[in-house]
């Protein structure tokens, strides 16, 4: 009974965490195979790191998944009219662009500037499951991004009508 009461009280946050994890899994399901095939440090035209390109591709898939799941199950918005979708999707995608830029900056900082993906726990943790250190970096950055995405969605996109 206590679990039901807790769920009822924190339903939105619990659902967001569940679908946030699933959205992150969608992101990783697209990102990981691409970086495993080409390598995170592969550079397109000699200067664009491959992890940036794969992050953007993964982001597109994750944003579409997140919009639908957030609308239906997290913020329980029922209006699917074209007007409502456009009114929500533009700030939703805009907020996600902001967090994508934060994600790319943090990944660049941790991979290209400080080379944390090649040190200590990053390589050890990734090596345990046969992945590169950039996957560990992406996982750490994902925590920051999930929190920011919730705040943006709650405050600017799926506002409750009062």
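Residue numbers (my numbering): 36 to 197.
Cβ coordinates follow ideal geometry from the N, Cα and C atoms, glycine included.
Task: the stretch 79-99 contacting the stretch 112-120, beta-carbon criterion three pairs below 8 Å - done: no
Open item on the list: Assuming the contact rule is C-beta atoms closer than 8 Å, residue 127 and residue 90 should be a hit. Round their C-beta distance to whole Å, please.
Closed with: Wrong, their Cβ atoms sit about 18 Å apart, outside the cutoff.
Task: Environment of residue 118 [buried if 16+ CB atoms lie within 10 Å] - done: exposed
- [ ] Given a cut-off of 9 Å, decide if residue 66 and residue 93 are closer than it, judged by their beta-carbon atoms.
- [x] yes
Open item on the list: Looking at residue 154: is its Cβ nearer than 9 Å to the Cβ of residue 168?
Closed with: yes
Task: Segments of 4+ residues assigned as alpha helix (DSSP H) that fall wholly inside the stretch 88-175 - done: 117-143, 155-163
Open item on the list: Excluding the 5 residues flanking residue 192 on each side, which residues of the same chain have their C-beta closer than 7 Å to its C-beta?
Closed with: 123, 126, 127, 130
Task: Buried versus exposed call for residue 42 [16 or more other C-beta atoms within 10 Å across all chains shown] - done: exposed
Open item on the list: Quick check on residue 194: does DSSP put it in helix, strand or coil?
Closed with: coil
TODO: Return the first residue and the last residue of the alpha helix (DSSP H) that residue 39 is part of.
DONE: 37-44
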